[in-house]
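Below: the structure, in structure tokens.
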């Protein structure tokens with residue numbers, strides 16, 4: 001029996017949550033962004049705002065020029081995450097096979113739920129009703145026998161229907177999905193669209209109807225011998241082939257712990273200013289490692305610097321004498337790497353990572369320092385931050401103008417909580 005998989009997508013998720021929280025804005029255009037920064041971007045726009053020309057990722061100032069009565073609301077990332085977790089609980093009342101795809105999209109395998117909850121369409125309507133009553137958010141549901149088809153059913157069809165539900169099957173994809181232009185295929189961006197169009201492949205069906213060997217030959221001619229894996233992936237996607245299961249846990253074995261920050265290059269021209277951010281990033285990497293019970297043997301530093309016209313990127317790593325998640329040890333290695341490879345141009349991005357991980361239940365003692373005492377001190381600081389917030393205790397250097405820790409303490413993923 002074919003699997004029955006749903007991809008549930010919250011319509012204009014952030015904006016819908018804000019409209020539910022502000023009933024007075026129900027019939028007005030709403031967008032989520034920073035109203036105090038006209039150069040900031042729009043994270044989400046409600047359907048009314050979209051009809052006025054407002055688009056996601058455009059500048060707030062540009063959106064206001066198109067729609068002067070647009071209500072721009074500052075994002076509340078923690079609220080959006082909490083609502084997303086509530087949606088997961090709703091889905092888990094129907095099936096235990098729930099896999100988050102993004103904050104507003106989740107896969108559900110309801111193959112085993114049909115007996116108790118009805119047909120796939122009935123399950124979809126049940127989900128829509130529960131979400132609407134619980135959060136005020138309207139959702140769209142794509143149905144398919146694979147995750148790929150469920151995703152394309154949502155993006156290409158369900159979002160355009162008044163009931164917000166559409167099912168793609170192996171029986172109807174030729175008359176529906178295969179007629180769509182190639183850029184509407186899952187995971188095909190501008191670059192691949194250009195390649196496919198240059199190869200004369202203008203619709204999804206143009207790929208799906210080809211023999212795989214023939215498609216591989218065309219891809220090799222266009223993109224080289226290394227394109228065989230890509231060719232097979234796109235050929236299978238066009239046909240809806242996707243054996244991957246819906247798995248409740250999306251985390252595999254942890255391979256790295258990292259932290260990065262985009263910077264205003266005009267403010268980070270001197271090493272003394274860059275060192276402040278470097279330390280702050282190391283502090284967060286080490287704190288996250290301790291929270292996960294991990295320590296790392298390899299420290300990596302990546303940075304982007306610019307001369308105003310060109311951008312230069314470097315990435316270097318160093319193997320430590322023993323695994324660690326102590327701030328002082330990681331910072332010393334990161335500082336050494338950065339100073340050795342920085343050309344001296346203003347910095348626009350800085351990145352720190354810890355790899356070659358191992359459990360921190362045991363660590364190497366040394367003759368010349370009390371590592372257990374240092375670990376105990378850092379874990380105490382971690383507990384204070386966990387209880388009272390990231391800004392409850394921080395290095396004095398973070399109070400300098402070049403510090404970003406105070407600002408980041410009020411954010412999640414670079415956006416306000």
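Numbering (UniProt numbering), first residue to last: 1 to 417.
Just so you know, even glycine gets a beta-carbon here, dropped at the ideal spot from N, CA and C.
First and last residue of the uninterrupted beta strand (DSSP E) at residue i
i	result
residue 166	165–167
residue 142	139–144
residue 354	347–359
Residue i burial status per 10 Å Cβ neighbour count (16 or more: buried)
i	result
residue 29	buried
residue 73	buried
residue 98	buried
residue 262	exposed
residue 418	In the structure displayed, the chain extends from 1 to 417; residue 418 sits before or after that span and is not available.
residue 364	exposed
residue 172	exposed
residue 337	buried
Per-residue DSSP class, three states only, for residue i
i	result
residue 12	coil
residue 394	coil
residue 239	helix
residue 23	helix
residue 364	coil
residue 39	coil
residue 232	helix
residue 407	helix
residue 226	helix
residue 177	helix
residue 172	coil
residue 339	helix
Opening and closing residue of the alpha helix (DSSP H) in which residue i lies
i	result
residue 488	This structure cannot speak to residue 488, because the chain is shown only from 1 to 417.
residue 135	120–135
residue 380	371–388
Residue(s) in a DSSP beta bridge with residue i
i	result
residue 32	44 and 73
residue 400	Looking at the DSSP assignment, residue 400 forms no beta bridge with any residue, so it has no partner.
residue 68	Paired residue(s): none; residue 68 is not in a bridge.
residue 258	353
residue 7	107 and 142
residue 59	41
- Item | Ordered list of beta strand (DSSP E) runs contained in the segment 80–117, each at least 3 residues | 98–102 and 105–109
- Message: Please give the ranges of any alpha helix (DSSP H) in the segment 192–224, keeping only runs that are unbroken, at least 4 residues long and fully inside the region.
- Response: 204–208 and 212–223
- Message: Quick check for students: name the residue ranges of the alpha helix (DSSP H) that lie wholly in the segment 260–334, counting only runs of 4 or more.
- Response: 271–291
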